[in-house]
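Participant: Residue numbers -7 to 535, in our numbering, belong to the letters of the sequence shown in order. Below are the structure tokens for one structure; questions will follow.
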Amino acid sequence: MPNIAVRADAGNLPMCNKKASVLEVYEDADTQISKPTKMELGLLPVLILCLSASISSAELVAKVGVNYGQLGNNLPPPSQSVKLIQSLNAKRVKLYDANPKILAALRNTDLQVSIMVPNELISNISSNQTLADQWVRTNVVPFYPDTLIRYLLVGNEILSQPNKQIWFNLVPAMRKIKAALKTHRITKVKVGTPLAMDVLESSFPPSNGTFRSDISGSVIKPMLKFINKTKSFFFVDLYTYFPWSSDPTHIDLGYALLESKNITVTDPASGLTYHNLFDQMVDALIFAMKRLGYPDTRIWIAETGWPSGGDYDQIGANIRNAATYNRNVVKKFNAKPPVGTPARPGAVLPSFVFALFNENTKPGPSTERNFGFLYPNGSNVYPIDLSGKTPESEYAPLPVATNNEPYKGPIWCMVAKGANQSAVASALSYACSQGNKTCDPIQPGGKCFKPDSLAWHASYAFSAYWSQFRKAGGSCYFGGLATQTIKDPSKYNLNYGKGVPTCVHRGAYLLRDCCRMLRILQVPRCQTMSDEGYNGTMTVSFP
């Protein structure tokens, strides 16, 4: 339950008479409530009855927020970013740190703010109350209450980290941070931690939702106890994109986009019927918490979204799907009365949607850099209104989706144009150090040693590494040094005889493609070209 302020005014409510009629419920209320009169005290039992009857049906406002990531080297300054957040009609903003410049820019706005303790401090804070006090004194006290800090998250997706020791430090760190807030007499800030959906070992059907056995009793149960005791939330990062994109044959796209008109899934055990994948995933979490004895713990959607772009092998990452999903989920979050989920009908789902900007230095596959509503220059990737009030008819038509089916051709991983050579050399060493004789063919005398250039060798190594590790999560990125291509680099056999590079066609490739490939491989820019036939030899002349 939230911190609640109750006020009796004139009005009407079911089960309430007119003398004690309208209840206004303020989540984490900033409003100061005056001392009740004797008459109001006499009405208290009625008010409590009204409260219990109405709390699940709309008095808590969803206030959709946005995630403000900073993994970009071209993002606007905080003052401009805050204005952009407000232009989206967001009511909350979540940071992945406690950036003082951003917190200062958020002063005296009506945006509720979530800040975060970095992952690397959790282990130390878990055993050191002084360090927790210092963190709060440095990162919260100077800004509070002028900046409406309301949520303090300890780490990010900690239970997805390979280092298991930090798992067991998480809840103790949360307790230390809560105690530090209390020391500074800060009582309106909820403490939590965002977790990914991989905390579940079973999620289908939803009634079978179960937490992973390696964290269920040792981490999740103490966490749920802490959340309930402090009246906080279970923060979860929930993306329908990932289960759909990994199994598009069996999961309907419309079902994942909250767009399906006729696809339903019925849970055979609970009898609950689902019309979209989002509700199904939320309810799996609800049933998992119920299994541990916490059926009523409130859920907060810490992240959800859909990528507007991606690599060749990332199905469905396009503007049409991203706009459709995010507009639909925002309407769900803002619905009045709230719709909840089949397991919790009428429940409010507070949320932060991901993300404010496309972030060009975020690691991983290309989708990771394409979740933003805005480009770094502030223009829309696609228009969205986080208040949910803009009707679909007022938006411009969306571009046609062209990648909703898996790409079936071969893909290679190559050095990106303009990549820093020293960084490429380091990445080449890394790719070649992973074993399985990945780089034997590009050693002197190897069948792929020629041409003897850094970019050629790195492109071979990147492709070999990616082919070997992509199913385990490896990506064609290498810190921004690599990019995918669907044009086979081996089709271009560079011959350096007499100092004039030639490109031998092994298929019907256009001359400009060969020239482009030469430039990527750091051969001097083509000036003129002569062609002896598509299946012959192309000679490239240089200034």
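In this text, a Cβ means the ideal position worked out from N, Cα and C, and glycines have one as well. Since the structure is predicted, the reported quantities are computational estimates derived from the model, not experimental observations.
Name the residue from A453, D271, S418, S445 whose alpha carbon lies nearest to the alpha carbon of K427.
Facilitator: The question names Lys, but residue 427 is Gly in the sequence shown. Per the Cα distances, A453.
Participant: Given this structure, state the Cα-to-Cα distance separating A172 from W448, to the nearest angstrom.
Facilitator: In this structure, the straight-line span from the alpha carbon of A172 to that of W448 is close to 55 angstroms.
Participant: Looking at C-alpha atoms only, which residue of P197, K83, L187, S152 is the closest neighbour of I141?
Facilitator: For the residues P197, K83, L187, S152, the minimum Cα distance to I141 belongs to K83.
Participant: Kindly indicate which residue of L348, V331, A347 has the alpha-carbon position closest to the one of V340.
Facilitator: Answer by Cα proximity: V331.
Participant: What's the gap between the Cα of V392 and the Cα of I243?
Facilitator: Taking the Cα positions, V392 is about 21 angstroms away from I243.
Participant: Between which residues of its own chain and I278 is the CB-CB distance below 6 angstroms, once the five residues before and five after are set aside?
Facilitator: Counting only residues of its own chain and dropping the five nearest sequence neighbours on each side, I278 has a CB closer than 6 angstroms to the CB of A335.
Participant: Leaving out five residues on either side along the sequence, give the residues of the same chain with a beta carbon under 7 angstroms from the beta carbon of W574.
Facilitator: The structure shown does not extend to residue 574, since the chain spans only -7 to 535, so no value can be given for it.
Participant: Which complete beta strand (DSSP E) runs does the region 141 to 225 hold, if anything under 3 residues is left out?
Facilitator: 141 to 146, 182 to 184, 186 to 188, 192 to 194
Participant: So, helix, strand or coil for Y60, using DSSP?
Facilitator: Strand at Y60.
Participant: So who's on the other strand from M406, going by DSSP bridges?
Facilitator: Beta-bridge pairing links M406 to T475.
Participant: My output table needs one value for K323: the three-state DSSP class, helix, strand or coil.
Facilitator: helix
Participant: When DSSP builds the beta bridges, which residues end up paired with S106?
Facilitator: Paired residue(s): K86, Y143.
Participant: Are the beta-carbon atoms belonging to L378 and I293 less than 8 angstroms from one another?
Facilitator: no
Participant: Looking only at its chain, what residues have a beta carbon closer than 7 angstroms to the beta carbon of T202, apart from the 5 residues adjacent to it on each side?
Facilitator: L192, E193, S194, A280, R283
Participant: Counting only runs that start and end within the region 342 to 418, where is the alpha helix (DSSP H) found for 4 or more residues in a row?
Facilitator: Along the region 342 to 418, the alpha helix (DSSP H) does not occur as any fully enclosed run of 4 or more residues.
Participant: According to DSSP, is V228 part of a helix, a strand, or is it coil?
Facilitator: strand
Participant: Does DSSP classify T494 as helix, strand or coil?
Facilitator: Model confidence at T494 stands at a pLDDT of 41, short of 50, so the residue's coordinates are unreliable; what they give is reported in the following sentence. Here T494 sits in strand by DSSP.
Participant: Check the C-beta distance from V163 over to P214 and give it rounded, since I have them as a contact under 8 angstroms.
Facilitator: 5 angstroms
Participant: Whole angstroms are fine: how far does the CA of S199 sit from the CA of Y18?
Facilitator: Confidence in Y18 is poor, its pLDDT being 35 and thus under 50, which makes the residue's placement unreliable; the coordinate value appears in the next sentence. When rounded, the distance between both Cα atoms is 32 angstroms.
Participant: Buried or exposed, going by whether 16 or more other CB atoms sit within 10 Å of the CB of C495?
Facilitator: Unreliable positioning characterises C495 in this predicted model, as indicated by a pLDDT of 42, which lies under 50. A coordinate reading is not provided.
Participant: Taking only the alpha-carbon atoms, compute the straight-line gap between T185 and I212 and give it to the nearest angstrom.
Facilitator: 11 angstroms
Participant: Helix, strand or coil: how does DSSP classify Y501 here?
Facilitator: The predicted model places Y501 with a pLDDT of 42, which falls under 50 and marks its position as unreliable, so this point remains unresolved.
Participant: Where does W292 sit, in a helix, a strand or coil, going by DSSP?
Facilitator: strand
Participant: Answer yes if the region 417 to 424 comes into contact with the region 361 to 375, meaning at least three C-beta pairs across the two stretches below 8 angstroms, and no otherwise.
Facilitator: no
Participant: Helix, strand or coil: which one does DSSP assign to P337?
Facilitator: Three-state DSSP puts P337 in a strand.
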